[in-house]
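Novice: Just so you know, we're using full-length UniProt numbering here: the sequence shown kicks off at 1 and counts up by one.
Sharing a structure with you now.
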Amino acid sequence: MAHHKELCNNTKFLDVDFEALMITKREIIFNTPQMKEMLSMTTDPELEKGVVFDSVEYSGIGCDLRNLTRLKRLIKSVVDVDQCLVLCIAEVSITYMSTQDADALIRWTTTLSPDVTFCLLEQQSPDRPDNAFTATMLKHFAKLGTPLRSVLEYPGSHTQTLRFQDAGFAHVNIQNLWELWADPRFLSPSIRMSLDEVEPFDEWEEFALFGSHYCLLVAQTGLEPLIPDQQRGSRRTSIDSLASDLSTRTVSPHRDNTQWFAYTYSAIPEKEGRTHHGSAYKIPEQDALGLHGGVGLKGRLSTTSVYTFANSAMPYPAVPPENIGARCCHTITSFGAKLEMNLLVGGRTSPTAPLKDCWLQIGGKWERVHDLPEPRFRHRTAAVVLPHDQYGVVVYGGKVSEQKIAIDTLLWDKHNGWQALRNIKDDPMPRFGASFMRLGFNHGLLMGGMRQDGVVCQGLWKWRLIIRDNKVMGIHFKTSTALDASAGIWPWLNRFGASFSVIRDEVLLIGGVAKHGCIPRDYEILSIVGSFSAFNDYEKEMELRVACVLPRIDPTVPRPFLIGHSTHFTAESTTLIVGGGATCFSFGAYWNPGCWLLHDREAGPSSRWAMMKAEAAPLSPPSQQNIDNSGSGPTSLTLVEHVNTHTNQDFIRILQEGVPRVITALDLGPCLSRWTPSYLLAKIPSSKAVVVHAAQSRTMNFQRKDFIYKTTSFHDFINHLLSSPSAHMYLRSISSTNPTTTPADFTNDWPEISGDFQLPASLSFVKDHQHSSPLRISSNVNMWLHYDVMANVLFQIQGTRKLILFPPTDLKHLSFPSGSTSSAIDIFQTGERHGTGEDTVRHVPNTHPHVAILRPGEALYIPPLWAHTGTPQPSEAAQSTSNHPPTPASASTSGSTTNPQSTPPPNTTPASDNDPAASRINIALNIFFRTLSPHKYATGRDVYGNRDLAAYEDGRRDIDRIIRRFQTTSPPAPKPKDKVKVNGGESTAAGPVVDIESQVGQAREVVGPDMATIPRDMVKAYLERLARELLERAEKL
1 MAHHKELCNN
11 TKFLDVDFEA
21 LMITKREIIF
31 NTPQMKEMLS
41 MTTDPELEKG
51 VVFDSVEYSG
61 IGCDLRNLTR
71 LKRLIKSVVD
81 VDQCLVLCIA
91 EVSITYMSTQ
101 DADALIRWTT
111 TLSPDVTFCL
121 LEQQSPDRPD
131 NAFTATMLKH
141 FAKLGTPLRS
151 VLEYPGSHTQ
161 TLRFQDAGFA
171 HVNIQNLWEL
181 WADPRFLSPS
191 IRMSLDEVEP
201 FDEWEEFALF
211 GSHYCLLVAQ
221 TGLEPLIPDQ
231 QRGSRRTSID
241 SLASDLSTRT
251 VSPHRDNTQW
261 FAYTYSAIPE
271 KEGRTHHGSA
281 YKIPEQDALG
291 LHGGVGLKGR
301 LSTTSVYTFA
311 NSAMPYPAVP
321 PENIGARCCH
331 TITSFGAKLE
341 MNLLVGGRTS
351 PTAPLKDCWL
361 QIGGKWERVH
371 DLPEPRFRHR
381 TAAVVLPHDQ
391 YGVVVYGGKV
401 SEQKIAIDTL
411 LWDKHNGWQA
421 LRNIKDDPMP
431 RFGASFMRLG
441 FNHGLLMGGM
451 RQDGVVCQGL
461 WKWRLIIRDN
471 KVMGIHFKTS
481 TALDASAGIW
491 PWLNRFGASF
501 SVIRDEVLLI
511 GGVAKHGCIP
521 RDYEILSIVG
531 SFSAFNDYEK
541 EMELRVACVL
551 PRIDPTVPRP
561 FLIGHSTHFT
571 AESTTLIVGG
581 GATCFSFGAY
591 WNPGCWLLHD
601 REAGPSSRWA
611 MMKAEAAPLS
621 PPSQQNIDNS
631 GSGPTSLTLV
641 EHVNTHTNQD
651 FIRILQEGVP
661 RVITALDLGP
671 CLSRWTPSYL
681 LAKIPSSKAV
691 VVHAAQSRTM
701 NFQRKDFIYK
711 TTSFHDFINH
721 LLSSPSAHMY
731 LRSISSTNPT
741 TTPADFTNDW
751 PEISGDFQLP
761 ASLSFVKDHQ
771 HSSPLRISSN
781 VNMWLHYDVM
791 ANVLFQIQGT
801 RKLILFPPTD
811 LKHLSFPSGS
821 TSSAIDIFQT
831 GERHGTGEDT
841 VRHVPNTHPH
851 VAILRPGEAL
861 YIPPLWAHTG
871 TPQPSEAAQS
881 TSNHPPTPAS
891 ASTSGSTTNP
901 QSTPPPNTTP
911 ASDNDPAASR
921 INIALNIFFR
931 TLSPHKYATG
941 RDVYGNRDLA
951 AYEDGRRDID
961 RIIRRFQTTS
971 PPAPKPKDKV
981 KVNGGESTAA
991 GPVVDIESQV
1001 GQAREVVGPD
1011 MATIPRDMVK
1021 AYLERLAREL
1031 LERAEKL
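Written out as structure tokens, the structure is:
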């Protein structure tokens, strides 16, 4: 009514719900002028009891839907319903009623008028109740106290159709939402693709599962159906065929005994091995398989889980070093038992950050090889045999960005790197997540995958490499007619996100999603057998037979969730299924709790497989792309100058200088003497919970995600630090009330000890412009290199901390990924700490690092965009620096120098056992504050004070717009220049919205810092980052 009132002429809306709810709706309407003004109130002063609201356009009726006699009377009191065309809409509502009452309601609606249409949106179960998504959904609603009562009685399209036909509806049309998504009557391909411009998306399996668990049903009593039948062209021209003219061949949905195979299950430890969209591979020279990367419980992983025979005594094998980086949707291709080599190709971090690095494993060593010509994720690979007994890998399909599918098929070999293969003859539609199988030395099958517009591809293709005169000339794709598209098994053959394996002479297609979304258990694993040798005569058609596989499984064993899983064959002609899981939208997440060995039932497994106990993965030097090695000579470390502040003007001068300073001689209150572990344990309630970073080593790296977030009590955290000197734990406090939306506030979050700290009057500017104030407590762990967009002051309370800082102009040399405020480089190089054994500082060419040693009672001012990292000083080193300033040996890399003018004065306080500077537990309070006007910062939530400036984020969006303009196939018609919002105002959009001239400006005298002007070094750093991102995007085209 609000947006299309012309479509609502001669229409009245009736809203029926429980009376108490309708009274609440009435109050909302009366108290919302915009809603009330749309309605023309009736003049009838005496409404029948139950009609809580009535107008010409809308009536609200409060009635129990089980009382159909009363309901009909109330409806007739506001509208002459039997003279109307009636549309009944039930949007996820009647499923909460008992099935008997819901059925009665549906039958009753057919008596309202000669022409009734019923539109139902409701959950369904496309598979058995033990399907992980189905079970998670049912459990979710049951936990809410609103069980889905109709799902088990009417689980799918067939039963729902019969339900409405039995109720008296002559025409019933039903589709699940995944089918509706692909239906051109509902959405055109261009509309589907346009959604990529709104938000990057790559959760396709989860979307398909969700959509296929909901149905949209339209039932009618009228003679003519409202919804036209879907137009279907010939096989050759139809969308489904995708140019594959499929003739009738032998396809058998089932064979005489579908349980030729069986599962042997092994559980894995809780919270270990939980990952999906990783890559399984054969570990060289050992009877073991690895599962690398994927999406884990806390994000993308750089780790590897190893599986081998249960109770195996083999040593933990060499796995991909974690410095390769966290990723998912990548591939690791094994070359075969003879070569014992693996090639890791691409993948992604986020959907907007695809990767192009490749790594080769030979024996126990991983080394970086040729990068892909363009990044790829969700691609498929096959190892092939090349002339002169060489081996290579073919890469087919995949995505190169969030909006672009790869077109080229690539071939890699160790000597020549990557080359694009010329497509000879037919050219399959570009796709990602397909089934690309090798069935011989240089040939195989292609099926399934997903088109650019998010629809599962149909059709079967043969492929083979074309080799002439010992040279690879290209790749030949040819449509195959070996399978019957009209057979009942056909809709489940073409899949997205499936895996495959070979047992005996059968190709097993395992899991994924299909044209109808969720694949039922009967079709979850398909066996393809036939004359694969026909590839020798490429023009001759294969004879293939497809059958369902229902592996026998112990009823006490969980059914595998074959989404995001990985499979790999073993030496004993069995297949191991590892990983797998999905986020089932708001219903919760599910992870496969173990591994399954798929084997011939009669032969049985030679041994049960299980996950090996994990060991710390070896660290290798960061790859060359992470560090700019163009410079030469040692890096000089400049000591941060120590200053005093007596007035607020002194601190404002520090802000205007724009460089770090250690502020000394501060009165921070009794916290310096009080905040011992015993005092904190006595003051803080034992019930207080905290979230800490727990790492396996001293170095934490946010890009590698080599730590976990652990929720524990504050008492357990402190006691663990006291009892375990080797613990690597870090607390950065968050809001105690609403951590997802509210920044940390020390006063409110820690009221028991907040009175111990006092902010000096000379730092009143910090208080007046405060954003957040997290408490930091750590021991024996280094923080990753990062920068903050807001300025901050770090007040050291207990322990001694060394910090390395880099000016904004160094960001381009410090490996900050696009859009990230965390670097991939480990600045501190850890080693065994003996004597005063401090971690050494990594040499990064072309950078200008500063070093600060921060002792209790001192504070470090960190300007915006100064990248920094910190490490606690060992107690011996802390005691030595209590009486002596830092020396070049203790604060530099080999060959580095110091600035004698910046050396701080010695601290003459004698060291003792109670010296706060020597505390092994490091405690600091960090206060973030704004130095720019609020509109200069990006809009939205900023809990940690590291949202980039609005100008930079606007610039990144403009880069996306520029790329899209270049990629547009036909330019849009000229339009007047649009008025766009720029930081709260309006400007004419004729290019990037960053007005550098006005932002840089000229220096002018102000009482406080110029909060309306972004400093030049920040502008320069951001522009350099945008320039690099433009170059990165150009390389991906």
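Virtual Cβ for every residue (Gly too), placed ideally from N, Cα, C.
It should be emphasised that the depicted structure is a prediction, and the values quoted were computed from it without experimental measurement.
Could you compute how far the alpha carbon of Gln403 sits from the alpha carbon of Arg376?
Specialist: 12 Å
Novice: In whole angstroms, what is the alpha-carbon distance linking Thr712 and Leu681?
Specialist: Using only the alpha carbons, I get a separation of about 14 Å.
Novice: Would you say Ala867 and Tyr937 are within 8 Å of each other, going by their C-beta atoms?
Specialist: no
Novice: Please report the residue range of the alpha helix (DSSP H) in which residue 1038 lies.
Specialist: Nothing can be reported for residue 1038: it is not among the residues displayed for the chain, which extend from 1 to 1037.
Novice: Do Gly564 and Ala267 count as a contact pair if the criterion is CB distance below 8 Å?
Specialist: 8 Å or more divides the Cβ of Ala267 from the Cβ of Gly564.
Novice: Since I believe Ile708 is in contact with Ala694 (beta carbons under 8 Å), could you give me their beta-carbon distance rounded to a whole number of angstroms?
Specialist: That belief holds up - the Cβ atoms of Ala694 and Ile708 are roughly 5 Å apart, short of 8 Å.
Novice: What does the Cβ neighbour count give for Arg468, buried or exposed, with the cut at 16 atoms within 10 Å?
Specialist: Exposed, by the Cβ-count rule.
Novice: Considering only their Cβ atoms, is the gap separating Pro126 from Cys518 smaller than 8 Å?
Specialist: yes
Novice: Flag Met137 as yes if its beta-carbon sits less than 8 Å from any beta-carbon of chain B, otherwise no.
Specialist: In summary, chain B is missing from the structure at hand, where a single protein chain is found.
Novice: Output needed for Cys671: all residues of its chain with C-beta closer than 6 Å, excluding positions within five of it in sequence on either side, in chain order.
Specialist: By the criterion of a C-beta distance shorter than 6 Å, Cys671 is surrounded in its chain by Asp756, Phe757, Ile797, once the five residues flanking it on both sides are discounted.
Novice: Could you check where the beta strand (DSSP E) with Phe569 kicks off and where it finishes?
Specialist: 565 to 569
Novice: Once DSSP output is grouped into helix, strand and coil, what is the label at Glu367?
Specialist: strand
Novice: In whole angstroms, give me the CA-to-CA distance for Arg732 and Arg776.
Specialist: 5 Å
Novice: How about Val384 and Arg438: are their beta carbons less than 8 Å apart?
Specialist: Val384 is a Cβ neighbour of Arg438, given a cutoff of 8 Å.
Novice: In its own chain, which residues sit with a C-beta less than 7 Å from the C-beta of Trp591, not counting the 5 before and 5 after it?
Specialist: Arg274, Gly581
Novice: Have a look at Lys72, Ser818, Thr567 and flag the residue whose alpha-carbon is nearest the alpha-carbon of Val507.
Specialist: It is Thr567 whose Cα lies nearest to the Cα of Val507.
Novice: List the DSSP bridge partners of Ile94.
Specialist: Ile94 is not bridged by DSSP to any residue.
Novice: Just grab the DSSP bridge partners of Asn780 for me.
Specialist: According to DSSP, Asn780 bridges with nothing at all.
Novice: Examine the Cβ distances between the segment 766 to 785 and the segment 844 to 857 and report whether three or more of them are shorter than 8 Å.
Specialist: Output reads no: the segment 844 to 857 does not touch the segment 766 to 785.
Novice: Who does Ser713 pair with in a DSSP beta bridge?
Specialist: Under DSSP, Ser713 forms a beta bridge with Ala689.
Novice: Count the CB pairs spanning the segment 70 to 84 and the segment 129 to 142 that are closer than 8 Å, and state whether there are at least three.
Specialist: no
Novice: Starting from the C-beta of Arg192, find all residues in its chain whose C-beta is less than 8 Å away, skip the five residues before and the five after it, and write them out in chain order.
Specialist: Trp181, Asp453, Gly454, Val455
Novice: State the start and end residues of the unbroken beta strand (DSSP E) segment that holds Ala918.
Specialist: Segment: none, Ala918 is in no beta strand (DSSP E) and carries neither H nor E.
Novice: Determine the DSSP secondary structure at Asp17, reduced to helix, strand or coil.
Specialist: strand
Novice: Would you kindly work out how many angstroms separate the C-alpha atoms of Lys540 and Lys356, rounded to a whole number?
Specialist: 38 Å
Novice: Smallest Cα separation from Thr939: which of Asp183, Leu949, Glu205, Ala571?
Specialist: Leu949
Novice: Check whether the segment 357 to 370 touches the segment 297 to 304, taking contact to mean three or more Cβ pairs, one atom from each stretch, closer than 8 Å.
Specialist: no
Novice: Can you list, in chain order, the stretches of the beta strand (DSSP E) that have 3 or more residues and sit fully within the segment 275 to 333?
Specialist: Counting only runs of 3 or more, we get 279 to 282, 288 to 292, 304 to 309.
Novice: In three-state terms, what does DSSP make of Asn701?
Specialist: Secondary structure at Asn701: coil, using DSSP grouped into helix, strand and coil.
Novice: Three or more C-beta pairs under 8 Å: does that hold for the segment 799 to 813 against the segment 762 to 773?
Specialist: no
Novice: Within a Cβ cutoff of 8 Å, which residues of the same chain sit near Trp461, ignoring the five residues on either side of it in sequence?
Specialist: Ser244, Asp426, Pro428, Leu445, Leu446, Met447, Phe477, Lys478, Thr479, Ser480
Novice: Please go through the same chain and pick out, in chain order, the residues whose beta-carbon is closer than 6 Å to the beta-carbon of Pro553, but skip the five residues on each side of it.
Specialist: First, the residue type needs correcting, since residue 553 is Ile and not Pro in the sequence shown. If we look at Ile553 and ignore the five residues flanking it on each side, its Cβ neighbours are Tyr263.
Novice: Once DSSP output is grouped into helix, strand and coil, what is the label at Glu122?
Specialist: strand
Novice: My understanding is that Arg947 touches Val789, with C-beta atoms under 8 Å, so please give their C-beta distance in whole angstroms.
Specialist: 6 Å
Novice: For Phe496 and Leu47, I'd like the C-alpha separation in whole angstroms.
Specialist: 57 Å
Novice: Measure how close the beta-carbons of Phe118 and Cys84 come, nearest whole angstrom, since I'm counting them as under 8 Å.
Specialist: At roughly 14 Å, the Cβ-Cβ gap does not stay under 8 Å, so Phe118 and Cys84 are not in contact.
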